[in-house]
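Report on the structure given below.
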Amino acid sequence: MTNVVVVGGQWGDEGKGKVVDLLCPAFAEVVRFNGGNNAGHTVKFADRHFALHLIPSGILQPGCRCLIGPGVVIDPVALLEEIRMLEDQAVSVRPRLLVSPRAHIVLPGHRALDVARETASGAAKLGTTGRGIGPAYEGRARRTGVRLGLARNPRRLREAVAAASAELEQAIARCPGAVAPSADEIERTVEAAAAIAPMLGDVSRALADSDAAGRPILFEGAQGTLLDVDHGTYPFVTSSGCLAGYAAPACGLPARVIGGVLGVFKAYTTRVGSGPFPTELFDGTGEQLRRRGNEFGTTTGRPRRTGWFDAVAARAAVRWSGIDAVALTKLDVLDELAEIRVATSYQVGGQTTPEFPDDAEEVGAASPVYETLPGWQADSSAVTTAEKLPDVARRYVERLEELLGVPVAVISTGPRREETIVRRVQPFAGWNVAP
C-alpha cells in the first residue's frame with residue numbers, strides 16, 4: 001500500500017471530499033494538514049449530505065482513524081459543533097479523532113479582525129470567508145498565537161487567550177466601526193478547547209508508527225494549489241501551504257513517506273471570492289455551469305464564479321504539487337453543452353505563453369487562447385465505467401490528459417460515492433488504493 005496525498009488542483013471546491021471518501025476504505029489513517037474551517041468538503045453518504053470543515057472526510061468510513069495536524073488552525077467552537085453534528089447522525093467521532101496539540105487556536109478576535117479588515121478594504125477586499133484563518137496564521141508567524149495543547153492546563157490556557165485577545169483588541173480598534181468580541185464569546189472558545197483536550201495527541205508519532213507498521217496514510221489537503229500562499233495568485237490566496245509537498249512536514253514526517261499524489265480537478269473551473277480568473281464566464285453558459293454544478297460555497301454559501309477548464313493553470317498545479325494522476329469531477333455538468341472550450345495558453349503583453357504568470361496582475365490581464373472541442377449532449381451522469389461514457393466525453397477526458405501530461409484515474413459523474421469511474425491506469429493502479 002502507498003501513502004497518498006489528495007490535493008485540489010484549482011482554486012478549491014474541486015470535490016476533494018468525495019474523492020477522499022471514495023479512497024479512504026484502503027487507508028488506516030486520514031489526516032488534514034492545512035487550512036482551517038474556511039475549507040468545506042461535502043460528502044454524500046447513504047442519502048445524507050455531510051458538510052465537513054475541519055474533520056477529515058474519512059470520518060464517514062467506519063474503522064478509519066482521522067487526524068488533524070499542527071498545520072491546521074482550529075476554531076474549537078466550530079470543531080465541537082462539527083463533532084456534535086456527526087454524532088447526532090450516529091457517526092462515531094471522539095474515539096477515532098486525534099488532534100495535534102501543536103495546532104493553533106482561532107480566537108473570536110481573529111474572526112472579528114478578519115471581518116473588519118475585509119469591510120475596510122471595500123472593493124479591494126480579498127474575499128476571505130471571515131472565519132479568522134488569516135489572522136490566526138498571522139499570530140502563529142508572529143509567535144503570539146495560542147496552541148491547542150494549552151487546553152490541558154486551564155490556567156495557562158486562560159492566560160494565553162487573555163493576552164492574545166488583548167492584543168487583537170488593539171488591532172480591531174484601528175479598524176473603523178469594528179467591534180471586539182465579547183467576554184462571553186471568548187469564554188465559549190476556552191470551554192470548547194477544554195472539551196477537545198481529551199482528543200489531543202502526538203499526530204507525528206501516531207502517523208510514524210502507522211507508516212512503520214505498513215498501515216497506509218491518506219493526507220487530505222484543503223483549498224487548492226492555486227490558492228497556495230507562495231505559488232498561488234498572491235495576494236488572492238489562502239494563508240497556508242496547499243501543495244502536496246507541504247503534507248508530510250506539516251504533520252512532522254519526512255517527505256519520503258509520500259508515495260503518490262492525486263490531484264482533483266473539476267472538468268471546468270470555479271473560484272470563490274476575489275482574484276484573477278482568466279477563463280471566467282459572464283454569460284449564460286457560466287450561469288448554466290453554476291446551476292447544474294450547484295456552485296455555491298460549502299462554507300459561505302456564496303455563488304462560485306465559473307469558467308472553462310484552464311490547462312495553463314492546471315499544468316502549473318501538476319508541476320508544483322508533483323501530481324501523478326488526476327481525479328476529474330463533475331464531468332456530467334458539461335452534458336448539455338454543444339461545445340466546450342479549454343484554455344491551452346495565454347496571451348500576455350502581446351506574447352503567447354504556455355506558462356502561468358507569477359504575478360496576479362499579469363494573470364488578471366491574460367487573455368486565454370482556447371481550443372474548442374465538441375460537446376457530447378448526452379447523459380453521462382451516474383456512469384460507472386469508461387466504456388459507457390459518450391465517445392465525445394471520453395475524448396474530452398483524453399484531451400485533458402494530453403494537455404496535463406498525467407493520466408485521469410478517477411472520473412466523478414455525480415455526487416454519490418458509487419457515481420464514479422475508476423480507471424486502472426499507472427501509477428494509480430500501482431498504489432493499490434482503488435475501491
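Numbering follows this note's numbering, with no gaps: position 264 of the sequence shown is 264. C-beta: ideal position from N, C-alpha, C; glycine also. Owing to the predicted nature of the structure, the values given are computational and were not obtained by experimental measurement.
Can you tell me whether DSSP reads G139 as helix, strand or coil?
G139: helix per DSSP, three-state reduction.
Considering only DSSP beta bridges, list what T420 is partnered with.
Paired residues: S412.
Return helix, strand or coil for I217, following the three-state DSSP convention.
Three-state DSSP puts I217 in a strand.
Below 9 angstroms between beta carbons: does that hold for G224 and F428?
Contact: no.
Just the C-alpha distance for D114 and E402, rounded to the nearest angstrom, thanks.
Looking at the two C-alpha atoms, the distance is approximately 41 angstroms.
If I'm right that V30 touches C24 with Cβ under 8 angstroms, what's the distance once you round it to whole angstroms?
Sure, about 5 angstroms apart at Cβ, within 8 angstroms.
Using C-beta distances below 7 angstroms, list every residue in its chain close to G364, excluding the 5 sequence neighbours before and after it, in chain order.
P276, listed in sequence order.
If you draw a straight line from the C-alpha of R156 to the C-alpha of H104, how long is it?
Taking the straight line joining both Cα atoms gives about 15 angstroms.
Tell me whether the beta-carbon of V272 lies closer than 9 angstroms to the beta-carbon of R302.
Yes, they are a contact pair.
Sorry if obvious, but does the Cβ on V106 come closer than 8 angstroms to a heavy atom of the ligand FAD?
This structure lacks the ligand FAD; in fact it carries no ligand of any kind.
For the beta strand (DSSP E) that E339 lies in, which residues bound it at each end?
From DSSP, the beta strand (DSSP E) with E339 extends over 339-348.
In three-state terms, what does DSSP make of E295?
Reduced to three states, the DSSP call for E295 is coil.
Kindly identify the DSSP beta-bridge partner or partners of Q351.
Partner(s): V348.
Assign T269 to one of two classes, buried (16 or more other C-beta atoms within 10 Å of its C-beta) or exposed (fewer than that).
With 16 or more Cβ atoms within 10 Å of its Cβ, T269 is classed as buried.
Beta-carbon within less than 7 angstroms of V383's beta-carbon, same chain only, minus the 5 sequence neighbours each way: which residues are those?
Same-chain partners within the cutoff: L389, T413, I421.
Would you mind working out which of G177, G214, P154, E187 sits nearest S165, comparing C-alpha positions?
It is E187 whose Cα lies nearest to the Cα of S165.
Please work out which residues of its chain come closer than 6 angstroms, Cβ to Cβ, to D324, disregarding the five sequence neighbours upstream and downstream, and give them in chain order.
So the qualifying residues of the chain are G260, V261, P427.
Answer yes or no: does any C-beta atom of chain D fall closer than 9 angstroms to that of L107?
The displayed structure is made up of one protein chain only, and chain D is not part of it.
Inspect the CB distances between the region 222-242 and the region 11-20 and report whether three or more fall short of 8 angstroms.
In short, these stretches touch, since the Cβ pair count reaches three.
How far does the beta strand (DSSP E) with H49 in it extend, from its first residue to its last?
Taken as a continuous stretch (DSSP letters only), the beta strand (DSSP E) holding H49 covers 48-52.
Let me confirm a value: V179 is counted as buried when at least 16 other C-beta atoms fall within 10 Å, else exposed. Which label applies?
Exposed is the call here.
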